[in-house]
Amino acid sequence: MGMKMNDSLTLKGTLREVTISFTEVNQQNNFDFKSRIEYDILKTTKDLQEMNLKYTRSLYLPSLRANAALGYNTGTTTASDYFRFRQNWVSYGVYNINLNIPIFDGRRKK
3 MGMKMNDSLT LKGTLREVTI SFTEVNQQNN FDFKSRIEYD ILKTTKDLQE
53 MNLKYTRSLY LPSLRANAAL GYNTGTTTAS DYFRFRQNWV SYGVYNINLN
103 IPIFDGRRKK
């Protein structure tokens with residue numbers, strides 16, 4: 003303001019003229035706090051935290067997994083024998099079922 007520290011400062015008016023309540027501002031401008039980006043960020047953060055909590059809780063549930071692999075192997079040493087399909091190729095199949103029941107996780111989940 004360009005004033006020296008020793009200069010006196012006089013204010014005119016009353017404190018009532020300066021004080022503005024939130025309801026007065028809201029009535030004048032029809033203010034909607036949901037339209038502010040800060041509110042949107044907080045709401046998104048809350049939703050992400052709730053989803054993270056659901057995910058962490060789901061890690062304590064039992065899980066069942068299954069997979070399979072099918073294929074053919076050959077034991078020939080020459081490339082010309084690759085085309086004798088029925089004589090040199092042996093089929094195989096691998097099936098896997100995994101049941102995971104979490105009993106104690108060593109306090110790794112937070």
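Residues 3 to 112 (the working numbering) are what the sequence shown spells out, left to right. Every residue gets a Cβ at the ideal spot worked out from N, C-alpha and C, and that includes glycine.
As a beta-bridge residue in DSSP terms, ILE99 pairs with ALA68. By alpha-carbon distance to ASN69, the top candidate from GLN51, LEU101, SER82 is LEU101. In the DSSP assignment, THR46 falls within the alpha helix (DSSP H) that extends over 39-60. Here DSSP, grouped into helix, strand and coil, assigns ASN75 to strand. Taking 8 Å as the upper bound for CB-CB distance, THR79 and ASN90 are not in contact here, some 10 Å apart.
For ILE43 and ASP34, the gap between their C-alpha atoms comes out near 15 Å. For VAL92, the CB contacts under 8 Å within the same chain, skipping 5 residues up- and downstream, are TYR74, ASN75, THR76, GLY77 in chain order.
Residue pairing for SER93: DSSP places it in a beta bridge opposite TYR74. Cβ neighbours of ASN54 within its own chain (closer than 7 Å, five residues either side excluded): none.
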